[in-house]
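Novice: This is the structure I have questions about; it appears just below.
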């Protein structure tokens with residue numbers, strides 16, 4: 079499939095109410111072009127790095143609970159590389175379906191492998207029981223992504239504990255999570271909100287994907303299975319958009335230190351995605367990303383932007399310039415700090 083893809087993250091100090099945007103991430107694909115933007119607080123400059131990358135940072139991706147396990151499986155299926163995958167769950171049957179090279183059963187004594195029963199407190203207690211094993215799993219990591227579907231037992235309850243352990247080890251900790259569909263009921267929504275509030279206290283950045291907004295992305299005839307698979311794929315794109323510019327040698331590389339400076343203590347983020355191809359692919363992909371249905375607001379006021387462009391070798395300077403100008407204008411941004419990386423994927427040439 080040929081096209082381009084953009085994803086956007088925007089940060090708030092308060093996840094639910096206070097709109098004080100400080101983060102934006104944009105992923106743009108030109109044949110496919112992918113761009114990732116992430117905002118923190120910095121000066122008004124665009125950073126282009128053409129240097130050979132230093133030894134890569136050690137990145138671990140941890141899928142927590144059933145939703146997290148499914149998301150990790152999707153990442154592996156899509157060929158996400160340069161990271162270590164872990165699946166952590168209280169349910170051994172679900173854990174057995176994981177494609178990850180590393181798995182960890184949480185709360186062996188407490189749940190006996192039968193899951194948390196939709197109870198976040200049991201999920202939390204299970205993670206506490208397995209604290210030493212979680213520490214060992216994250217040993218040596220520079221950055222950890224925690225991915226989960228919020229509203230259930232293990233993902234909601236264990237993720238904040240895992241995040242707290244990671245940050246206590248001085249690891250850059252980013253959560254990429256989903257909020258449940260409305261049809262999953264008010265109880266699950268309430269548990270998800272409580273879990274997100276707890277998680278937010280223990281991560282550097284949390285990227286929240288509202289599943290209900292996927293209804294604006296998928297076809298109306300999409301099956302329930304297809305809708306959840308789309309949610310898993312959005313989680314995958316959220317992780318890959320950031321990890322690629324660190325782990326994949328690119329035309330323009332972004333140092334891990336740059337990513338860390340933007341994402342440390344960044345708060346809450348949202349992600350938007352866009353695809354395009356043809357004569358104006360980069361511009362259209364950028365526009366689609368910053369106006370993505372996944373965004374709950376626009377990116378105006380974002381102070382820093384981390385941009386990842388993934389495209390074929392025929393990506394032109396003019397295309398990049400058009401896309402970056404659009405993004406910068408969208409941030410109202412003389413003060414916006416735009417950090418830009420580009421990865422060339424030959425498979426995307428000619429779209």
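Numbering (this note's numbering), first residue to last: 79 to 429.
C-beta: ideal position from N, C-alpha, C; glycine also.
Could you round the C-beta distance between residue 232 and residue 254 to whole angstroms and report it? I think they count as a contact, below 8 Å.
Specialist: Within the chain shown, residue 232 is the residue found at index 154, counting from 1. Within the chain shown, residue 254 is the residue found at index 176, counting from 1. In fact, because the Cβ distance is near 16 Å, the residues do not count as touching under 8 Å.
Novice: Buried or exposed: where does residue 404 fall if 16 or more other Cβ atoms within 10 Å of its Cβ makes it buried?
Specialist: Stepping through the chain shown from its first residue, residue 404 is reached at position 326. That one is buried.
Novice: So the candidates are 171, 243, 273 and 176; which of them puts its Cα closest to the Cα of residue 189?
Specialist: The residue labelled residue 189 in the question sits at position 111 within the chain shown. It is 171 whose Cα lies nearest to the Cα of residue 189.
Novice: Along the chain, where does the beta strand (DSSP E) that runs through residue 420 open and close?
Specialist: Working through the chain shown from its first residue, we reach residue 420 at position 342. Residue 420 -> beta strand (DSSP E) spans 415 to 422.
Novice: Is the separation between the beta-carbon of residue 230 and that of residue 196 shorter than 7 Å?
Specialist: Taking the first residue of the chain shown as position 1, residue 230 is located at position 152. Taking the first residue of the chain shown as position 1, residue 196 is located at position 118. Going by C-beta atoms, residue 230 is nearer than 7 Å to residue 196.
Novice: May I ask you to verify whether the stretch 303 to 318 touches the stretch 146 to 158, counting CB pairs closer than 8 Å and requiring at least 3?
Specialist: Yes, they touch.
Novice: If you reduce the DSSP assignment to three classes, tell me which class residue 409 lands in.
Specialist: Here residue 409 refers to the residue found at position 331 when the chain shown is read from its first residue. Residue 409 falls in the coil class under three-state DSSP.
Novice: Which runs of the beta strand (DSSP E) spanning at least 3 residues fall entirely within the stretch 166 to 192, listed in chain order?
Specialist: 180 to 183
Novice: With a cut-off of 7 Å, does the C-beta of residue 230 fall near any C-beta of chain C?
Specialist: This model lacks chain C altogether, as it is built from one protein chain only.
Novice: Assess contact between the stretch 378 to 393 and the stretch 292 to 299, defined as three or more Cβ pairs (one per stretch) separated by less than 8 Å. Is contact present?
Specialist: The stretch 378 to 393 makes no contact with the stretch 292 to 299: fewer than 3 CB pairs, one atom from each, lie closer than 8 Å.
Novice: With a threshold of 8 Å, are at least 3 pairs of Cβ atoms found where one atom belongs to the stretch 172 to 179 and the other to the stretch 262 to 276?
Specialist: Contact between the stretch 172 to 179 and the stretch 262 to 276 is not established, with fewer than three Cβ pairs separated by less than 8 Å.
Novice: Hey, is residue 385 close to the ligand ATP, as in C-beta under 6 Å from one of its heavy atoms?
Specialist: The ligand content of the structure shown is nil, which means the ligand ATP is not present either.
Novice: Could you check what DSSP says for residue 387 in three-state terms: helix, strand or coil?
Specialist: Position 309 of the chain shown, counting from 1, holds the residue named residue 387. Three-state result, residue 387: strand.
Novice: Could you check what DSSP says for residue 261 in three-state terms: helix, strand or coil?
Specialist: The count along the chain shown starts at 1 and reaches residue 261 at position 183. Three-state DSSP puts residue 261 in a helix.
Novice: May I ask you to report which of helix, strand or coil DSSP gives residue 255?
Specialist: For the purposes of this step, residue 255 is taken as residue 177 along the chain shown, with counting starting at 1. Three-state DSSP puts residue 255 in a strand.
Novice: Given residue 209, which residues of its chain have a CB within under 8 Å of its CB, disregarding the five upstream and five downstream residues?
Specialist: Taking the chain shown and counting its residues from 1, one reaches residue 209 at position 131. For residue 209, where only same-chain residues beyond five positions count, the Cβ hits under 8 Å are 239 and 243.
Novice: Rounded to whole angstroms, what's the CA-CA distance from residue 267 to residue 200? Just pull it up for me.
Specialist: Locating residue 267 in the chain shown gives position 189, where the first residue counts as 1. Locating residue 200 in the chain shown gives position 122, where the first residue counts as 1. Here the alpha carbon of residue 267 sits roughly 18 Å from the alpha carbon of residue 200.
Novice: Pop quiz: residue 417 and residue 340 are said to be a contact at Cβ under 8 Å. What is the actual Cβ separation, rounded to whole angstroms?
Specialist: Working through the chain shown from its first residue, we reach residue 417 at position 339. Working through the chain shown from its first residue, we reach residue 340 at position 262. Residue 417 to residue 340, Cβ: 6 Å. Contact.
Novice: Assuming residue 218 and residue 330 make a contact with CB atoms under 8 Å, what is their CB distance in whole Å?
Specialist: Taking the first residue of the chain shown as position 1, residue 218 is located at position 140. Taking the first residue of the chain shown as position 1, residue 330 is located at position 252. Contact doesn't hold; Cβ gap of about 27 Å is too wide.
Novice: Roughly how many angstroms lie between the CA atoms of residue 409 and residue 349, to the nearest whole one?
Specialist: Counting from one through the chain shown, the residue named residue 409 turns up at place 331. Counting from one through the chain shown, the residue named residue 349 turns up at place 271. Each residue's Cα considered, the two are about 15 Å apart.
Novice: Excluding five sequence neighbours on each side, which residues of the same chain lie with their C-beta closer than 6 Å to the C-beta of residue 310?
Specialist: In the chain shown, the residue the question calls residue 310 occupies position 232. For residue 310, where only same-chain residues beyond five positions count, the Cβ hits under 6 Å are 148, 149 and 152.
Novice: Only counting the same chain, and skipping five residues up and downstream in sequence, which positions put a Cβ closer than 6 Å to that of residue 145?
Specialist: If you number the chain shown from 1, residue 145 lands on position 67. If we look at residue 145 and ignore the five residues flanking it on each side, its Cβ neighbours are 226, 227 and 233.
Novice: Measuring only the C-alpha atoms, how far is residue 163 from residue 137?
Specialist: What you label residue 163 is simply residue 85 of the chain shown in a count that begins at 1. What you label residue 137 is simply residue 59 of the chain shown in a count that begins at 1. If you take the alpha carbons of residue 163 and residue 137, they lie about 9 Å apart.
Novice: Closest by CA to residue 323, which one among 354, 237, 192 and 422?
Specialist: Locating residue 323 in the chain shown gives position 245, counting from the first residue. If we check each option's Cα against that of residue 323, 422 comes out closest.
Novice: Go through its chain and collect everything with a Cβ distance to residue 424's Cβ below 8 Å, but skip five positions before and after it.
Specialist: Here residue 424 refers to the residue found at position 346 of the chain shown. Only 390 and 391 meet the Cβ criterion.
Novice: Taking residue 347 and residue 282 to be in contact with their CB atoms under 8 Å, please state how far apart those CB atoms are, rounded to whole angstroms.
Specialist: Counting from one through the chain shown, the residue named residue 347 turns up at place 269. Counting from one through the chain shown, the residue named residue 282 turns up at place 204. Wrong, their Cβ atoms sit about 10 Å apart, outside the cutoff.
Novice: Does the beta-carbon of residue 412 have 16 or more other beta-carbons within 10 angstroms, so that it is buried, or is it exposed?
Specialist: For the purposes of this step, residue 412 is taken as residue 334 along the chain shown, with counting starting at 1. Burial call: exposed.
Novice: Mind pulling the alpha helix (DSSP H) runs of 4 or more residues that sit fully within the stretch 277 to 362?
Specialist: 302 to 325 and 334 to 341
Novice: Does the separation of the CB atoms of residue 135 and residue 216 fall below 7 Å?
Specialist: In the chain shown, residue 135 corresponds to position 57, counting from 1. In the chain shown, residue 216 corresponds to position 138, counting from 1. Not a contact, by the Cβ cut-off of 7 Å.
Novice: Taking residue 174 as the reference, which of 160, 193 and 161 has the closest Cα?
Specialist: The sequence position of residue 174 within the chain shown is 96, counting from 1. That would be 193, whose Cα lies nearest to the Cα of residue 174.
Novice: Identify every residue that forms a DSSP beta bridge with residue 225.
Specialist: Taking the first residue of the chain shown as position 1, residue 225 is located at position 147. DSSP, once it has assigned bridges, lists 141 and 254 as partnering residue 225.
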